[in-house]
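Novice: Heads up: the sequence shown is residues 1 to 290, going by the UniProt record's numbering.
We put the CB at the ideal spot given by N, CA and C, even for glycine.
Since the structure is predicted, the reported quantities are computational estimates derived from the model, not experimental observations.
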Amino acid sequence: ISGVAHMGAWLLLRNAETLPTSILSHLAQLYSAVLNFVKSKKGSKSNTNTPKSRTKSKQDWDAENKALLDGVYISVHSRTLLLASSTSGVAATSARSLPDTLALLLRPMTMHSFQPLPVVTGWLFSKGFPDSEKLASVLIRFMELCENALTNCAHYEWGLRTVKRLLQLVRAPPEGKATTEECLKVLGRACRLSLSTRLVGDDEETFRALVNVAFFSQGKANGLESGSGETGDEVDEEDAPDAQSGEAAEVPAALADSRAHAAADKPNGHRGALISQLPARRRMSVGMQE
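1. Inspect the beta-carbon positions of S85 and L193 and report whether they are closer than 8 Å.
2. Following the continuous alpha helix (DSSP H) through L193, name the residue where it begins and the one where it ends.
3. To the nearest angstrom, report how far apart T197 and A5 are at their CA atoms.
4. So that I know if they touch, is there some Cβ in chain B lying closer than 8 Å to that of T197?
5. Checking 8 Å against the spacing of the C-beta atoms, do V38 and S78 come in under that value?
6. If T80 sits next to A33, beta carbons under 8 Å apart, how far is it from one beta carbon to the other, in whole angstroms?
7. Which residues in the same chain have their Cβ closer than 7 Å to the Cβ of P116, if we skip the five residues on either side of it in sequence?
8. For N152, which residues from the same chain have a beta carbon less than 6 Å from its beta carbon, with the 5 sequence-adjacent residues on both sides left out?
9. What first and last residue would you give for the alpha helix (DSSP H) that runs through V120?
10. Comparing alpha-carbon positions, which option in T206, L167, W123, V200 lies nearest A149?
11. Indicate the three-state DSSP secondary structure (helix, strand or coil) for S228 in the structure shown.
12. According to DSSP, which residues form a beta bridge with I74?
13. Taking just the CA atoms, how far does E204 sit from C146?
14. Which residues mark the beginning and the end of the beta strand (DSSP E) in which A84 is found?
15. State yes or no: is the C-beta of F216 within less than 8 Å of the C-beta of L187?
16. Can you grab the Cα-Cα spacing for the pair R171 / K42, in whole Å?
17. Please classify S113: is it buried, with 16 or more other beta-carbons within 10 angstroms of its beta-carbon, or exposed?
18. Quick test of your reading: T21 and P108, contact by CB under 8 Å. State the CB separation rounded to the nearest angstrom.
19. Would you say the beta carbon of W10 is closer than 7 Å to some non-hydrogen atom of the ligand GDP?
20. Given a cut-off of 8 Å on the beta-carbon distance, is the pair L105 and A16 in contact?
21. L210 lies in the alpha helix (DSSP H); which residues open and close that run?
22. Assuming A190 and L166 form a contact by the criterion Cβ under 8 Å, report the distance between their Cβ atoms to the nearest whole angstrom.
23. Could you tell me whether the Cβ atoms of K66 and W123 are closer together than 8 Å?
24. Across which residues does DSSP place W10 in a beta bridge pair?
25. Going by beta carbon distance, what residues of the same chain come within less than 6 Å of R282, once the five residues before and after it are set aside?
26. Using the C-alpha atoms, what's the distance from K127 back to Q168?
27. For my contact list, Y31 and L82 are in at a C-beta cut-off of 8 Å; report their separation, rounded to the angstrom.
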């Protein structure tokens, strides 16, 4: 914490309740010394000058202008901050599992609800994706549709943890090729690569249909404008349905017609268009009548 206090950085303790109590107590002691020093400097008069006839020794000067941490005088920045996160899942009790010496220095806060769009937008922006907000909305809607349309299996998870693991596999296209369509294709390939291995057999066909229409339809089904102006449904060769697949072969062809009915100003229209093209045995799981 000495280096953090000297730079004025913020220190985050993730899953603080899992750290040894001795370490947390020592951190609390150091952070308390930092806070006391910052408070004393703010309360002292800055216009007090030392007479020229009286010169201070280096030790006296350090004692007045630096904080004593572990026996060493460290210059401290006033913007230093210590944060602690907890995954206990119990509201307003994250600070109770910490030592009292550290809990008294922290202000407990609990997140009851959050909006996933700003979070995913920030992740995509940090990866170098342009139009990160539009791409984030497409990715979030895709995850919501997967949660509603696919089988309710215990090992399925369509939340932010899955999105974060997914984005660890992707890299934004080069600057000259970083169009919205190319970015959607990158996300679609990552979805196929990382999520298809967890699917049960009954969900493979539905998942392929959702991936194709969400990421490989040149963005029109997602409420995004296409840069090339083409109207054909673009599907990767490895995802192209075979003529012998029966019902699965009809899905991508029917999905091409649904793009004309999906618009950006109708957030529920895209979802309805997607669900209406799902195989018949999956419509009832999302409230669709035959």
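Specialist: So, to answer that:
1. no
2. 180-195
3. A5 has its alpha-carbon roughly 46 Å from the corresponding atom of T197.
4. Any reference to chain B falls outside this structure, which holds one protein chain only.
5. yes
6. Not confirmed; about 11 Å, so no contact.
7. Closer than 7 Å at Cβ, skipping near neighbours: I140, L160.
8. For N152, where only same-chain residues beyond five positions count, there are no Cβ hits under 6 Å.
9. 116-126
10. T206
11. Legend: pLDDT at S228 = 40, less than 50; position of this residue unreliable, no value from coordinates given.
12. A67
13. 11 Å
14. First-last of the beta strand (DSSP E) with A84: 81-84.
15. no
16. If I take the Cα positions, the gap works out to 46 Å.
17. exposed
18. T21 to P108, Cβ: 18 Å. No contact.
19. The ligand GDP is not part of this structure, which contains no ligands at all.
20. Going by C-beta atoms, L105 is not nearer than 8 Å to A16.
21. 204-215
22. 5 Å
23. no
24. L81
25. At R282 the pLDDT is 48, less than 50, meaning the model places this residue with poor confidence; the figure from the coordinates comes in the next sentence. A149, T206, listed in sequence order.
26. 9 Å
27. 5 Å
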